[in-house]
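Notes to accompany the following structure.
Residue numbers (the working numbering), protein chains in the order written: chain E, 1410 to 1734; chain F, 1410 to 1734.
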């Protein structure tokens, strides 16, 4: 069985680790990774979501933080602070820097991001094929009230989230998305899949970014495989991250039902054939089923590998139940 | 007294530490630093000679190696090696990376190298004014027989020295030197100095590079201050470095007398008013004096701070003895 997953960072990566364990090793998994978080920092190209997937599945992740390298040190960053050089709010660990340096070197040599990602993954052997959603630069920006000046302005997503810790947002845009084309293999991975999964990643700035790449949403709407989603909202709040700050920007209630309706049923022009909500949100199942979206309530907190594996199994069971087109 | 010193890396930096201790703190020292060693590595601008001077005088140097940061770690570099990414032969320490990242960030913001160096030195407080010889990129290349292909080719000086460990050289050139102009304050520092010193740095790829910048050699030839040099060759060999490999390229014997003659006496169109050779080379003093170059033989091995201070004192004494123009 060929499975294709649209993934952001931590939530998607953890789900993928369960999926990889639950599936047979011979079942190929393709990950279409969000690159809207990517940024240039100190002349280095940083790809947080791609790296989180690569490190998590390759055994190099910091298991406590959920991002960055295990056994990390911060000596280069301390030096940057000693120089008073900005931006020092971004977590540039010494080991992580090795990845950014290697990636930037390859990009400067002329390799597209998809090829660079393949080369980096050759070391980590994540057990999935990790495809950037696009080789073109797309950078997510968020409109905020500047905490210092009070003036409304657009900031890079990394500044919004890491530096400013997710203040109230007035707008979100994906700079570069109009001219970005799907990366090599991305559309084909959706068309040829036996199952497409929307994991518990941010619907606006992770899945939403991937869906904004030309052709991706249409490929999902018309895919022959079942498309199953997992709610990132549990009991009216994101499990982690700042979806509660960003969902209102696209007029979506911060509820499992709201996100399910946002993605919509493929029978009615939407994206999903099935939707998983947390057991605590079981109350919305009937409502969603009534609008044509088969929904099941199962425990969705990825508290440990066993719980994560159960979610992956629930996705596979849902796919069996709903079938494709 | 205003002292201006033309400096390469380790030899110049160690001499400067002695000079700084020996002079009154109110006597300003200006260092014209070689930037021909500079390189782009993984998208970062690396300035080895400037950093060696800054770290040595600022108390951040690795005292054993003589270059790079004290208490250094190499985790980013280990990661680069794990990716199979090149070039990993260059010693990119984690702490040192902080300097390269800060510098590259400032350069990309549009600051010239002289301004960037001033900002970096604001942290280290080296006790000297450190001026890059030029703000324009100049990169030293050396012609070698490629050890893998046998073909003759030009390599960056860092590759020649750090990666290939100084093989036989067939040529040396300073790429960019034709269009490089002296950095802000460089010529003025020579014109206004009360003493100009050529420390025991490599005559070809350190001092030679600085002297190749338009206007520098002429400013030294016509300076009102005495110009005193210290031989980097002791007993027919460089104290450290690869001057023995490079001096033949400019037809200079690898001897203290040879380098003294190469720089030449200002009374005969050269650069020096006085020349210090090691006590072991005392046999050449009469010969050099006979061609118009006042020369003294004193211990020149900078084995410890006290010995280094004595060399600085010998330079000051020589300057007193020979006077300016």
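In this text, a Cβ means the ideal position worked out from N, Cα and C, and glycines have one as well.
Computed from a predicted model, the values in this text were never measured in an experiment.
Burial state of residue i (16 or more Cβ within 10 Å)
i, result
"residue 1705 of chain E", "buried"
"residue 1614 of chain E", "buried"
"residue 1460 of chain F", "buried"
"residue 1537 of chain E", "buried"
"residue 1677 of chain E", "exposed"
"residue 1519 of chain E", "exposed"
"residue 1650 of chain E", "buried"
"residue 1580 of chain E", "exposed"
"residue 1560 of chain E", "exposed"
"residue 1525 of chain F", "buried"
"residue 1555 of chain F", "exposed"
"residue 1416 of chain E", "buried"
"residue 1454 of chain E", "buried"
"residue 1647 of chain F", "buried"
"residue 1624 of chain F", "exposed"
"residue 1434 of chain E", "exposed"
"residue 1498 of chain F", "exposed"
"residue 1414 of chain F", "buried"
"residue 1696 of chain E", "exposed"
"residue 1732 of chain E", "exposed"
"residue 1429 of chain F", "buried"
"residue 1557 of chain F", "exposed"
"residue 1578 of chain E", "buried"
"residue 1480 of chain F", "exposed"
"residue 1659 of chain E", "exposed"
"residue 1627 of chain E", "exposed"
"residue 1598 of chain E", "buried"
"residue 1692 of chain E", "exposed"
Residue i - partner residues in DSSP beta bridges
i, result
"residue 1448 of chain E", "E:1455"
"residue 1698 of chain E", "For residue 1698 of chain E, which the question treats as bridged, DSSP gives no partner whatsoever."
"residue 1583 of chain E", "E:1549"
"residue 1357 of chain F", "As displayed, chain F neither begins before 1410 nor continues past 1734, which places residue 1357 of chain F out of reach and without an answer."
"residue 1561 of chain E", "E:1554"
"residue 1674 of chain F", "F:1681"
"residue 1470 of chain F", "F:1478"
"residue 1646 of chain E", "E:1643"
"residue 1638 of chain E", "E:1607 and E:1684"
"residue 1590 of chain F", "F:1623"
Where the beta strand (DSSP E) through residue i begins and ends
i, result
"residue 1653 of chain F", "It is not in any beta strand (DSSP E) - residue 1653 of chain F instead sits in the alpha helix (DSSP H) that spans 1652-1655."
"residue 1704 of chain E", "1704-1707"
"residue 1541 of chain F", "1538-1541"
"residue 1725 of chain E", "Run containing residue 1725 of chain E: none in the beta strand (DSSP E); it sits in the alpha helix (DSSP H), 1714-1731."
"residue 1604 of chain E", "1604-1607"
Whole-number beta carbon distance between residue j and residue i, since they are thought to touch under 8 Å
i, j, result
"residue 1724 of chain F", "residue 1606 of chain F", "6 Å"
"residue 1709 of chain E", "residue 1640 of chain E", "6 Å"
"residue 1427 of chain F", "residue 1717 of chain F", "4 Å"
"residue 1502 of chain F", "residue 1452 of chain E", "Actually they are not in contact, since the Cβ atoms of residue 1502 of chain F and residue 1452 of chain E sit about 18 Å apart, beyond 8 Å."
"residue 1652 of chain F", "residue 1612 of chain F", "6 Å"
"residue 1700 of chain F", "residue 1670 of chain F", "7 Å"
"residue 1462 of chain E", "residue 1438 of chain E", "Rounded, the Cβ-Cβ distance is 11 Å, inconsistent with contact."
"residue 1590 of chain E", "residue 1543 of chain E", "6 Å"
"residue 1540 of chain F", "residue 1592 of chain F", "5 Å"
"residue 1728 of chain F", "residue 1604 of chain F", "5 Å"
"residue 1400 of chain E", "residue 1702 of chain E", "Nothing can be reported for residue 1400 of chain E: it is not among the residues displayed for chain E, which extend from 1410 to 1734."
Range covered by the alpha helix (DSSP H) that runs through residue i
i, result
"residue 1520 of chain F", "No alpha helix (DSSP H) holds residue 1520 of chain F; DSSP gives it neither H nor E."
"residue 1484 of chain F", "1484-1492"
"residue 1683 of chain F", "Element bounds for residue 1683 of chain F: not the alpha helix (DSSP H) but the beta strand (DSSP E), 1683-1687."
"residue 1627 of chain E", "1625-1631"
"residue 1618 of chain E", "1616-1621"
"residue 1597 of chain F", "1595-1600"
Exercise. Between the segment 1539-1552 of chain E and the segment 1439-1455 of chain E, do at least 3 Cβ pairs fall closer than 8 Å?
Worked result: yes
Problem set entry | Given 8 Å, three or more beta-carbon pairs between the segment 1566-1574 of chain E and the segment 1460-1477 of chain E | no
Exercise. Are the segment 1415-1424 of chain E and the segment 1471-1489 of chain E in contact at 8 Å, needing three or more beta carbon pairs?
Worked result: yes
For this session: Mind the definition here: the segment 1480-1496 of chain E touches the segment 1500-1507 of chain F only if three or more C-beta pairs lie below 8 Å; say whether that holds.
Result: yes
Exercise. Three or more C-beta pairs closer than 8 Å, one from the segment 1627-1637 of chain F and one from the segment 1655-1668 of chain F: is that the case here?
Worked result: no
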